[in-house]
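Per this note's numbering, residue 10 is the first one in the sequence shown, and the count goes up by one each step.
No residue lacks a Cβ here, since even glycine has one placed at the ideal position from N, Cα and C.
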Amino acid sequence: MSSNLDNLYRRVIMDHYKNPRNRGVLDDGSLTINMNNPTCGDRIQLTLKVVDGIVVDAKQEGEGCSISMSSASMMTQAIKGKTIEEALKLSTIFSDMMQGKEYDEDIDLGDIEALQGVAKFPARIKCATLAWKAMEKGLKNEEKE
Ligand code: FES
């Protein structure tokens, strides 16, 4: 990766860390998922509002490193307005990206692309995937209902 692209990605990550999108907690009646990263104890609380199979709202809060918190911010931004199926597909793409696998490049990932460099740092992959695992857990439960 060129260092220019690297710098751009670093700026995007720091922007989400310093100005987190969708920070907070949704009111009662929303899905609530708490998850932590067992390797460091950092945690996220995700609340999702799903109406007729669509994620109409998502909020996140917690404590963690810049990678985990920026990833949570990007994830909530990406899934709002998506169907459960679309959100879970994004999660699969993100997981593939973190494992350095090829992924469907036709899908516009927006800011999420900035995290692709994390794949080179195995110790940080759990940081980046924390919020996504929480989202998957919540939406898979919702799908079953
Ligand atoms: Fe704890 Fe990254 S160091 S989530």
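One or two residues paired with residue i in a DSSP bridge
i, result
"residue 45", "52"
"residue 66", "58"
"residue 73", "Paired residues: none, contrary to the question."
Close-in-space but distant-in-sequence residues of the same chain around residue i (CB under 7 Å, 5 per side omitted)
i, result
"residue 107", "127, 128, 134, 137 and 138"
"residue 121", "83, 87 and 103"
"residue 79", "22, 25 and 26"
"residue 100", "141, 144 and 145"
Cβ neighbours of residue i in the same chain (closer than 6 Å, five flanking residues each side left out)
i, result
"residue 110", "none"
"residue 71", "52, 53 and 54"
"residue 73", "51"
beta-carbon residue i near the ligand NAD non-hydrogen atom, thresh 6 Å
i, result
"residue 100", "In the structure shown, the ligand NAD is absent; the only ligands present are the ligand FES."
Own chain partners of residue i with C-beta closer than 8 Å, once the 5 adjacent residues on each side are dropped
i, result
"residue 63", "90, 91, 92 and 93"
CB contact below 7 Å: residue i versus chain B
i, result
"residue 67", "No chain B appears in the structure shown, which is made up of a single protein chain."
For this session: Mind listing which residues have their beta carbon within less than 5 Å of any non-hydrogen atom of the ligand FES? Chain order is fine.
Result: 46, 49, 51, 73, 74, 77 and 136
For this session: Enumerate, from N- to C-terminal direction, the unbroken alpha helix (DSSP H) stretches of 4 or more residues contained entirely within the region 92-127.
Result: 93-107
For this session: Mind the definition here: the region 56-73 touches the region 25-42 only if three or more C-beta pairs lie below 8 Å; say whether that holds.
Result: yes
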